[in-house]
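Colleague: Each step along the sequence shown adds one to the number in numbering that gives the first Met the number 0, with nothing skipped, and position 138 is 137. From the three backbone atoms N, C-alpha and C, an ideal C-beta is built for every residue, glycine too.
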Amino acid sequence: MVQTLGKKLSAITSVPASWSWTYTSASSDLVADVSYDLWLGTDLISKSKFEIMIWLSARGGALPAGSKISTVSIGGYSWSLYQGVVDTWTVYSFVTNSGEITNFKNDLKLFITYLTTNKGVSTSLLLTGVQAGTEPFSGSATLTTTSFRAAIAA
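1) Count the other CB atoms within 10 Å of the CB of Asn96; is the residue buried (16 or more) or exposed (fewer)?
2) Could you work out which residue in Ala31, Gly5 and Gly65 is closest to Gly138 when comparing CA atoms only?
3) Please tell me whether Phe49 and Val129 are closer than 8 Å, where the distance is taken between their beta carbons.
4) Hey, Ala153 and Thr21 are a contact pair by Cβ (cut 8 Å); roughly how many whole angstroms apart?
5) Can you give me the Cβ contacts of Ser17 inside the same chain, cut-off strictly under 6 Å, excluding the 5 residues immediately before and after it?
6) Which residue comes first and which comes last in the alpha helix (DSSP H) that contains Ile111?
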């Protein structure tokens, strides 16, 4: 398996990912998400055209940018799909409808394929970044990762 960024979406066969995490402490007023972020663009230097967020947690009423456009089933889970604009890029956020997914293991390519098949995202775009973390909007917490993996197979 070759791990590389900058491959066309059409050339990527899978993006196997797994993440075991927990909030080892969290204030009662915590508003935050825990998510993967995939960035798509026309090259590795220019600003991204799309961001794909896969929210494994939405604590305290946290919501992504934009509006809910559908509910989809991907990788054995139900997700609320939101679409919005942040700065100059379109963001698609898949927000779990299963509470918190603290032991995630799946192929992130499934989310890319959904968007290329159903939302007109071009397969000629490049996967320019794969990230994961938390976005705290208010409150405080300690996010602890016990295992993490993300790879790109092309």
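Modeller: The short version:
1) Asn96 is exposed by the Cβ-count criterion.
2) Looking at the Cα atoms, Ala31 is the closest of the given residues.
3) Going by C-beta atoms, Phe49 is not nearer than 8 Å to Val129.
4) Going by Cβ atoms, the distance from Ala153 to Thr21 rounds to 32 Å, so no, they are not a contact pair.
5) Closer than 6 Å at Cβ, skipping near neighbours: Lys104 and Arg148.
6) For Ile111, the enclosing alpha helix (DSSP H) starts and ends at Lys108 to Asn117.
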